[in-house]
Amino acid sequence: MTTNLQPDAQMDLRGTPCPLNFVRTKLRLERMTPGALLEVWLDPGEPIEQVPDSLRMEGYGIEQIEDRSEFFALKVRRPATSTE
46 MTTNLQPDAQ
56 MDLRGTPCPL
66 NFVRTKLRLE
76 RMTPGALLEV
86 WLDPGEPIEQ
96 VPDSLRMEGY
106 GIEQIEDRSE
116 FFALKVRRPA
126 TSTE
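Numbering (the numbering used here), first residue to last: 46 to 129.
Laid out in structure tokens, this is it:
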């Protein structure tokens with residue numbers, strides 16, 4: 046099964062502390078078109094532990110979390126239908 050995980054946009058939030066990395070990710074997703082995919086680079090530890098869970102609670106779909114040795118690449122999709 047091959048799904049298209051080519052991101053529509055990318056953000057490098059390495060070095061950005063919690064919860065600022067979550068807030069920046071959410072704001073970026075809100076500006077994207079419904080159904081768009083965002084790739085976010087996060088540090089290990091608290092960022093990769095907290096940000097995906099917080100995004101899920103806000104209704105965003107986590108498509109993939111990829112360990113790239115020194116950081117994690119999180120792919121998150123804005124829902125196709127907006128609740129706003």
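Ideal Cβ positions, reconstructed from N, Cα and C, are used throughout, including at glycine.
Problem set entry | Boundaries (first-last residue) of the alpha helix (DSSP H) holding E75 | 65 to 76
For this session: Check E94 in the structure and name its three-state DSSP category.
Result: helix
Exercise. What are the boundary residues of the beta strand (DSSP E) that D112 is part of?
Worked result: 106 to 112
For this session: Would you kindly check if the distance between the Cβ of R122 and the Cβ of L82 is under 7 Å?
Result: yes
Exercise. Buried or exposed: where does P62 fall if 16 or more other Cβ atoms within 10 Å of its Cβ makes it buried?
Worked result: exposed
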